[in-house]
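The listed protein sequences correspond, in order, to chains A and B.
According to this note's numbering, the stretch in the first sequence is residues 122 to 730, in order.
According to this note's numbering, the stretch in the second sequence is residues 3 to 83, in order.
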Amino acid sequence: MIEWVHPGVILILGALLIPFLKGRIKQLYLLALPVAAFIAVVSASQGVHGVVHFLNHGLVFGRVDRLSLVFGYIFTIMAFIGIVYGLHVKRDGEYMAGLLYAGSSLGVVFAGDFFTLFVFWEGMAFSSLFLIWLKGDKASDAAGFRYVMVHTVGGVVLLGGIILYYINTGGIGFNAIENSGLAFYMILIGFLVNAAVPPFHAWLADAYPEGTIMGSVFLCAFTTKTAVYVLLRGFAGTELLIWMGVIMTLYGVFYAVLENDVRKLLSYHIISQVGYMVAGVGIGTEMALNGATAHAFAHILYKALLFMGMGSVILMTGKRKLTDLGGLYKTMPITMILYMIGALSISAFPLFSGFVSKSMVISAAEESHIGWAVLLLTLASVGTFLSVGLKLPYYAFFGKDSGIRAEEPPVNMLIGMGLAAFLCVAIGVYPSLLYDVLPFHVEYHPYTAQHLATALGLLLFTGLGFFLLLKRLTPEPAITTDLDWFYRMGGRLFLRLANRPIAAADGFVGELYNNMILGPAKRMACFCYVFDIGVIDGIVNLTAWLTTAAAWLSHKFDIYVVDGIVNSAATLTSCSSGVWRRMQTGYLQNYALVFILGVLIIAGSILFG
Amino acid sequence: MNSINWLADPRNGRFLKVVYLIALLVVFAADFFVHRHHATFIWDAIPGFGAVYGFVSCVLMIIVFKFVGHVWLMKKEDYYD
Numbered sequence: 122m123i124e125w126v127h128p129g130v131i132l133i134l135g136a137l138l139i140p141f142l143k144g145r146i147k148q149l150y151l152l153a154l155p156v157a158a159f160i161a162v163v164s165a166s167q168g169v170h171g172v173v174h175f176l177n178h179g180l181v182f183g184r185v186d187r188l189s190l191v192f193g194y195i196f197t198i199m200a201f202i203g204i205v206y207g208l209h210v211k212r213d214g215e216y217m218a219g220l221l222y223a224g225s226s227l228g229v230v231f232a233g234d235f236f237t238l239f240v241f242w243e244g245m246a247f248s249s250l251f252l253i254w255l256k257g258d259k260a261s262d263a264a265g266f267r268y269v270m271v272h273t274v275g276g277v278v279l280l281g282g283i284i285l286y287y288i289n290t291g292g293i294g295f296n297a298i299e300n301s302g303l304a305f306y307m308i309l310i311g312f313l314v315n316a317a318v319p320p321f322h323a324w325l326a327d328a329y330p331e332g333t334i335m336g337s338v339f340l341c342a343f344t345t346k347t348a349v350y351v352l353l354r355g356f357a358g359t360e361l362l363i364w365m366g367v368i369m370t371l372y373g374v375f376y377a378v379l380e381n382d383v384r385k386l387l388s389y390h391i392i393s394q395v396g397y398m399v400a401g402v403g404i405g406t407e408m409a410l411n412g413a414t415a416h417a418f419a420h421i422l423y424k425a426l427l428f429m430g431m432g433s434v435i436l437m438t439g440k441r442k443l444t445d446l447g448g449l450y451k452t453m454p455i456t457m458i459l460y461m462i463g464a465l466s467i468s469a470f471p472l473f474s475g476f477v478s479k480s481m482v483i484s485a486a487e488e489s490h491i492g493w494a495v496l497l498l499t500l501a502s503v504g505t506f507l508s509v510g511l512k513l514p515y516y517a518f519f520g521k522d523s524g525i526r527a528e529e530p531p532v533n534m535l536i537g538m539g540l541a542a543f544l545c546v547a548i549g550v551y552p553s554l555l556y557d558v559l560p561f562h563v564e565y566h567p568y569t570a571q572h573l574a575t576a577l578g579l580l581l582f583t584g585l586g587f588f589l590l591l592k593r594l595t596p597e598p599a600i601t602t603d604l605d606w607f608y609r610m611g612g613r614l615f616l617r618l619a620n621r622p623i624a625a626a627d628g629f630v631g632e633l634y635n636n637m638i639l640g641p642a643k644r645m646a647c648f649c650y651v652f653d654i655g656v657i658d659g660i661v662n663l664t665a666w667l668t669t670a671a672a673w674l675s676h677k678f679d680i681y682v683v684d685g686i687v688n689s690a691a692t693l694t695s696c697s698s699g700v701w702r703r704m705q706t707g708y709l710q711n712y713a714l715v716f717i718l719g720v721l722i723i724a725g726s727i728l729f730g
Numbered sequence: 003m004n005s006i007n008w009l010a011d012p013r014n015g016r017f018l019k020v021v022y023l024i025a026l027l028v029v030f031a032a033d034f035f036v037h038r039h040h041a042t043f044i045w046d047a048i049p050g051f052g053a054v055y056g057f058v059s060c061v062l063m064i065i066v067f068k069f070v071g072h073v074w075l076m077k078k079e080d081y082y083d
């Protein structure tokens, strides 16, 4: 008997087999994976499981307690709903990314030490990136890059904090973190980036509207809620978080009032809703922590429902802006009703899930006598109903008829939405379903006459304000700049500024190269050429020419002088021999005459000389 | 789905308005009669506070947020292109 099976590992390993399956079998397999993971969570006994010894440390893969179990339940339920909703999708990549992402989130939830947590944390960032990139247009490419850039920075800060924490304490166990200076704040910032707490929030509203139809449904559930989980685990009672959470609730509300893109509006309301959870963590009483947990649980369901509703609208109409939509109630009534169940849940209407979870956080603030937080959190719920419960459905489903006659989405999408809607109502009507699994045992009764009267007054009169100022709230074809402006425009400014020195430096180096190396080299080559032509060739040619001339001369000398001498000697010899030959008469009297003549000449010269 | 078409029919608008106003009155009045088992803050003791707070903050939010958006943060759709 295996003692414990990691539900996240079921999804992660299971996702790898998806490309090998086809048709109905694949669909059944896809549905079976989250069911198996859910069973693994339900059957897990509390305690520490899956300890792996690594470099002298025990890595804890399975810390199972009441807090991790609640998140385990909702994450596996959510993975199932998301798969049902996306069952018509043809691309394996979307299922794989979605399940790897959900599996990594479960990995974070059950991690008992910082090292394991960090590995799954990064796994979430990179698997979720593909839920954005798979949409496959220019906007999603760019948004995906910005998304992963922010999460990489957040991850590095978290890792830095973890290392400092290890140096300070000598342990890597992940429990409540004592404020020990830098390590505390670095880990906190790493967590706050994923919780989308301003000023670290801009990635969320930037990236989530650019995901695929199914991808955004997964995205809206896991990243921020794992961040809430780790904050609950490590930073309960950090007072700074009350402030940050309250500001967050209003920050999201503010942008949602101005927003025209339907999924971006909903994204700003993730920021707003996570604010209640962050504030709950900050208050830190058992009631507040229960409230934050309950609200995370309820939020995953109704926010997924809202994203599924608007995903259906975008899929069937091809439009994503409120200014392009209107009058859809005629042909998409089921989608509208299911969306409205999500809208009433997030707005905390009685009998819907938000009513029983959000009020726990506000009641906790009340019990802790933090009056300003109570008033501002209530203000944010007014804004929530205004944008998600009134403005968005009014201008998408009613309002000015856009002439679009889109049909209802495929039946699997309606079933996915129906499951989430059913759970939203079930929790609202029968809150014990949720309260029984919360980490602490706290008595809380949401359905008191006072609470009902206040909540209904608040919501119905918000509606009055909306209808009186309907014209002023008409969506406008515009975008609203948020803090991502700094890295979108800042990046451009940086490039422009950087370009100038870089271009100048490039020019300078080029010039230097020209002047110092290329120019001299050219001149050297020129010189060599001239030297070669003039001097070397000159010498060679001169030598050749001289040789030729000398050869010609010696030839002439040979012909005329040497041959001349030889010939003339021969001629002379032959001429003289002719003469001499005639002198050799062979007659003695001739010789004697010559002899006597000679003697006479000699004697004459002696006598008369 | 006839009920939705009925709700959206402009001919029934007047009837719906009357129903909505009655609901507002009932809810506002009911707050005067509920038993207040605890009143932590001063506003918990004021009947109808929720209604007034909801209405006033809704109106202020629409006016102030839209104003800030128009003068500062809202840009043309091709701003980042």
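From the three backbone atoms N, C-alpha and C, an ideal C-beta is built for every residue, glycine too.
Model, not experiment: these values are computed from the prediction.
Proximity winner among the options, relative to residue i (alpha-carbon distances)
i: M431 of chain A; options: A:G332, A:E632 and A:S675; result: A:G332
i: K424 of chain A; options: A:Q394, A:L449 and A:L313; result: A:Q394
i: T569 of chain A; options: A:L633, A:S484 and A:C647; result: A:S484
i: S466 of chain A; options: A:G492, A:L511 and A:L436; result: A:L511
i: F588 of chain A; options: B:R13, B:L18 and B:G52; result: B:L18
i: M735 of chain A; options: A:T290, A:Y329, A:L535 and A:D603; result: The displayed coordinates of chain A run from 122 to 730. Any statement about residue 735 of chain A would go beyond what the structure contains.
i: P12 of chain B; options: A:D557, A:L579 and A:G520; result: A:G520
DSSP state of residue i mapped onto helix, strand, coil
i: F69 of chain B; result: helix
i: G214 of chain A; result: helix
i: M365 of chain A; result: helix
i: I298 of chain A; result: coil
i: R354 of chain A; result: helix
i: H676 of chain A; result: helix
i: T438 of chain A; result: helix
i: M453 of chain A; result: coil
i: D653 of chain A; result: helix
i: H127 of chain A; result: coil
i: K424 of chain A; result: helix
i: I600 of chain A; result: strand
i: V185 of chain A; result: strand
i: K77 of chain B; result: strand
i: V169 of chain A; result: strand
i: M122 of chain A; result: Reliability of the predicted coordinates at M122 of chain A is poor, the pLDDT of 47 falling under 50, and the value obtained from them is presented with this limitation in mind. DSSP places M122 of chain A in coil when its eight states are reduced to three.
Residue i versus residue j: straight-line alpha-carbon distance, rounded
i: M429 of chain A; j: I198 of chain A; result: 15 Å
i: I146 of chain A; j: S301 of chain A; result: 53 Å
i: C545 of chain A; j: A619 of chain A; result: 52 Å
i: V162 of chain A; j: Y516 of chain A; result: 41 Å
i: V563 of chain A; j: L188 of chain A; result: 14 Å
i: W666 of chain A; j: L674 of chain A; result: 12 Å
i: Y376 of chain A; j: F607 of chain A; result: 17 Å
i: L352 of chain A; j: V230 of chain A; result: 11 Å
i: V509 of chain A; j: D522 of chain A; result: 20 Å
i: A71 of chain A; j: D186 of chain A; result: Since the first residue of chain A shown is 122 and the last is 730, residue 71 of chain A is not available in this structure.
i: M122 of chain A; j: H170 of chain A; result: For M122 of chain A, the pLDDT reaches just 47, beneath the cut-off of 50, and the residue's location in the model is therefore unreliable, although a value from the coordinates is still provided. In a straight line, the C-alpha of M122 of chain A is about 14 Å away from that of H170 of chain A.
i: V156 of chain A; j: W45 of chain B; result: 47 Å
Partner residues on chain B for residue i, Cβ-Cβ distance less than 7 Å
i: I600 of chain A; result: K77, E79 and Y81
i: Y460 of chain A; result: Residues of chain B passing the Cβ test: none, with the nearest at roughly 13 Å.
i: F375 of chain A; result: F67
Proximal chain A residues relative to residue i, where beta-carbon distance stays under 7 Å
i: V36 of chain B; result: A570, Q571 and A574
i: A25 of chain B; result: L581
i: G56 of chain B; result: V503, G578, L579, L580, F582 and T583
i: V94 of chain B; result: Within the shown structure, residues of chain B are numbered from 3 to 83, placing residue 94 of chain B beyond reach of any answer.
Listed by chain order, chain A residues near residue i by CB distance under 9 Å
i: A32 of chain B; result: A570, L573, A574, L577 and G578
i: G52 of chain B; result: T499, A574, T575, A576, L577, G578, L579, L580 and F582
i: F43 of chain B; result: E487, H490, G492, V495 and L496
Chain B residues whose Cβ lies nearer than 9 Å to that of residue i
i: G504 of chain A; result: S59, C60, M63 and F67
i: V378 of chain A; result: M63, I64, F67, K68 and G71
Chain-ordered chain B contacts of residue i [CB-CB under 8 Å]
i: G519 of chain A; result: Per the sequence shown, residue 519 of chain A should be read as Phe rather than Gly. Residues of chain B passing the Cβ test: A10.
Checklist entry - Would the segment 527-545 of chain A and the segment 382-389 of chain A be scored as touching if the rule is three or more Cβ pairs under 8 Å? => result Cβ pair count under 8 Å is below three, so no.
Item to check | Three CB pairs or more closer than 8 Å across the segment 235-252 of chain A and the segment 362-371 of chain A | outcome: no
Item to check | Stretch-stretch touch, CB-based, cutoff 8 Å, three pairs: the segment 318-327 of chain A with the segment 259-275 of chain A | outcome: yes
Checklist entry - At a cut of 8 Å, does the segment 493-503 of chain A reach the segment 599-607 of chain A through at least three beta carbon pairs? => result no
Next on the checklist: Pairs of beta-carbons, one from the segment 42-60 of chain B and one from the segment 579-588 of chain A, closer than 8 Å: are there three or more?
Outcome noted: The segment 42-60 of chain B vs the segment 579-588 of chain A: in contact.
Checklist entry - Are the segment 333-343 of chain A and the segment 210-230 of chain A in contact at 8 Å, needing three or more beta carbon pairs? => result The segment 333-343 of chain A is in contact with the segment 210-230 of chain A.
Checklist entry - Counting Cβ pairs, one atom from each stretch, are 3 or more of them under 8 Å apart for the segment 439-448 of chain A and the segment 473-490 of chain A? => result no
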